[in-house]
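Engineer:
Residue numbers (the UniProt record's numbering): 1 to 396.
#1: Buried or exposed: residue 384, going by 16 or more other Cβ atoms within 10 Å of its Cβ?
#2: When you compare the CB positions of residue 345 and residue 333, do they come within less than 8 Å of one another, or not?
#3: Does the Cβ of residue 52 have 16 or more other Cβ atoms within 10 Å, making it buried, or fewer, making it exposed?
#4: Classify residue 349 as buried or exposed, calling it buried when 16 or more other Cβ atoms lie within 10 Å of its own Cβ.
#5: Could you tell me which residues DSSP pairs with residue 467 in its beta bridges?
#6: Quick check: the Cα distance between residue 205 and residue 171, rounded to an integer number of angstroms?
#7: Quick one: using the 10 Å Cβ neighbour count with 16 as the cut-off for buried, is residue 258 buried or exposed?
#8: Are at least three pairs of beta-carbons, each pair with one atom in the stretch 77-86 and one in the stretch 201-216, less than 8 Å apart?
#9: Let me confirm a value: residue 289 is counted as buried when at least 16 other C-beta atoms fall within 10 Å, else exposed. Which label applies?
#10: Classify residue 169 as buried or exposed, calling it buried when 16 or more other Cβ atoms lie within 10 Å of its own Cβ.
#11: Can you list, in chain order, the residues of its chain whose CB lies under 8 Å from that of residue 225, leaving out five sequence neighbours each side?
#12: Would you kindly check if the distance between the Cβ of residue 292 and the Cβ of residue 378 is under 8 Å?
#13: In whole angstroms, what separates the C-alpha of residue 108 from that of residue 123?
#14: What does the Cβ neighbour count give for residue 396, buried or exposed, with the cut at 16 atoms within 10 Å?
#15: In whole angstroms, what separates the C-alpha of residue 65 from that of residue 176?
#16: Let me check one thing: in DSSP terms, what residues is residue 290 bridge-paired to?
#17: Can you tell me where the alpha helix (DSSP H) holding residue 198 begins and where it ends?
#18: Do the stretch 53-73 and the stretch 225-236 meet, that is, are 3 or more Cβ pairs less than 8 Å apart?
#19: Classify residue 340 as helix, strand or coil using the three-state DSSP reduction.
#20: Contact defined as beta carbons within less than 8 Å: I believe residue 303 pairs with residue 285. What is the distance between those atoms, to the nearest angstrom?
#21: Since residue 128 is in the alpha helix (DSSP H), which residue starts that stretch and which ends it?
#22: When DSSP labels each residue in this structure, what does residue 12 get in the three-state scheme?
#23: Applying the 10 Å Cβ sphere with the 16-neighbour rule, what's the burial state of residue 46?
#24: Residue 195: buried (16+ other C-beta within 10 angstroms of its C-beta) or exposed?
#25: How is residue 363 classed by DSSP in three states: helix, strand or coil?
#26: Looking at the secondary structure, which residues open and close the alpha helix (DSSP H) in which residue 264 lies?
#27: Pop quiz: residue 22 and residue 70 are said to be a contact at Cβ under 8 Å. What is the actual Cβ separation, rounded to whole angstroms?
#28: If you reduce the DSSP assignment to three classes, tell me which class residue 17 lands in.
#29: Between residue 63 and the rest of its own chain, which residues show a CB-CB distance below 7 Å, the 5 nearest in sequence each way excluded?
#30: Where do the ends of the alpha helix (DSSP H) carrying residue 382 lie?
#31: Beta-carbon within less than 6 Å of residue 103's beta-carbon, same chain only, minus the 5 sequence neighbours each way: which residues are those?
#32: How close, in whole Å, do the beta carbons of residue 319 and residue 282 come, if the pair is a contact with beta carbons under 8 Å?
#33: Can you tell me where the beta strand (DSSP E) holding residue 272 begins and where it ends?
#34: Kindly give me the distance between the Cβ atoms of residue 237 and residue 150, rounded to whole angstroms, as I take these residues to be in contact under 8 Å.
#35: Which of the three DSSP states is assigned to residue 29 in this structure?
#36: Short of 7 Å in beta carbon distance, which residues of its chain neighbour residue 80, apart from the five on each side in sequence? Order them along the chain.
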C-alpha cells in the first residue's frame, strides 16, 4: 500500500510541476518533451487530487479552468484508455450517462444547422430551427442541476479531495450562460456573428469536455467510493428534480409522515402540531432555506413551485459549497456581516426565465442578540411589481 501511495505522490508531484509551468508560461512544451514516458503512467483519479491541490493554492478560477483544459488535453489518451467500471443502466450514474448520450446526439443535430446558418444568418427557417434546437439543449442543464444539488454534497462528505467540483460547477455555469446568450440572440434576431460563433464553439467544447470528465474521471471514482444505498437515494432525488431526457424506472416510496404528528409545539403566540408547521411553511409562496450559526444548511421549505432546486442531500452541507465559485464570496460576505452584527439583511433581485426574482437574506438572532444563523427567502414578484391602485373587492 505504501508503495502505491508513494507512486501516486510522485505522479501528483509531476502533475503539479506541469500545471504550474502552464500557469506561469501558458504552455508545457518543455515538460512534454522531457517527460514523454511519464504521460502514459497517470490514472484518472490523479486529476481529482491534482485539481484539489491547485484549488487549495488559491489560483483564480478563470486561470484554473484554462489550466484544466490544457492539462487534460495533454493526458487525454491515458485517461480515455484507462479501463473503467461501467455503471448499471438504470442506476444514478447510468441514467446520467444516458442523458449525456442524448445531449451528444442533440449537439450532432445542431452542428449542420449551425454551419448553414453561419453562411446565411438571414435565413429565418434556419434561425427558427436553431432556436428550437438550443431551447431543447437548454433543458439539458437539469443534468448539471442534479449534479450540483444531489451528487456534489455526497462527494463533499465522502472525499477529502472534493474541491475539483468547484471547477466543474464553474464550467456548468459557463455552459448555461452561453446557451442563454445564443437563444437570446436568435430570438431577438440581433446576431453578432463573432460573438455568436464563439458562444456556440464554447458550448460544444465545454459540453463534450464535461461529458468526458464525468464518464472517464468522476463517475468511475464514485463507483469505487460511494455506497450502493447512497447511489440509490441519489437516483430517487434526481428523479424528483427531473432528469432532462431519460428517466429511471423507479418505484417511488410513499411520503413518510412526521414521527411526532399531533404533538403540539408552543411558539409563544400559539400552539400548532409539527404537521401544521410543515404545512404552513410549504404553503407560503416563497422559497425558504435556513442555515445555522455553524454555516450548515438545516432546513428548506418545499412549496408547490420552488424557484431554486433543493434536495435533502443539501442538509448538513456547508453553505459555501452550495454556490458556484464565482458568487460564493458574496454569500460568505453576507454571513460574516450578519455574524459580526454589522448587517441584518441583504436584498438582491434578478431576472430568470422570464420571471422577476427577489432574493432576501435575514440574520437570525436569539433574545440575547446572539447570531443563530441566516434565512434565505426567494420570491417571484412580477405580479407584485405590476400592482397599481387598490383592490378592495373579491373578483372571483
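The beta carbon of each residue, even a glycine, is placed where N, CA and C say it ideally should be. Just so it is clear, the structure is predicted and the values come from calculations on it, not from any experiment.
Structural biologist: Concretely, from the data shown:
#1: Burial is judged here by how many other beta carbons sit within 10 angstroms of a residue's own beta carbon; residue 384 has fewer than 16 and is exposed.
#2: no
#3: buried
#4: Within 10 angstroms of the beta-carbon of residue 349 lie fewer than 16 other beta-carbons, which makes it exposed.
#5: In the structure displayed, the chain extends from 1 to 396; residue 467 sits before or after that span and is not available.
#6: 11 Å
#7: Because the pLDDT of residue 258 is 43, which lies under 50, any placement of that residue in the model is unreliable, and the question is left without a value.
#8: yes
#9: buried
#10: The residue is buried, with at least 16 neighbouring Cβ atoms inside 10 Å.
#11: 158, 159
#12: The beta carbons of residue 378 and residue 292 sit no closer together than 8 Å.
#13: 20 Å
#14: By the neighbour-count rule (16 or more Cβ atoms within 10 Å), residue 396 is not buried but exposed.
#15: So the two alpha carbons sit approximately 16 Å from each other.
#16: 299, 375
#17: 193-213
#18: no
#19: coil
#20: 7 Å
#21: 124-139
#22: Here residue 12 sits in helix by DSSP.
#23: Buried, since its Cβ has 16 or more Cβ neighbours within 10 Å.
#24: exposed
#25: strand
#26: Premise fails: residue 264 lies in the beta strand (DSSP E), 264-266, not in any alpha helix (DSSP H).
#27: 5 Å
#28: helix
#29: Here the set comprises 23.
#30: 382-385
#31: Excluding residues within five positions, the ones whose Cβ falls inside 6 Å are 140.
#32: For residue 319 against residue 282, the beta-carbon gap comes to about 22 Å, at or over 8 Å, which does not count as contact.
#33: 271-273
#34: 5 Å
#35: helix
#36: 216
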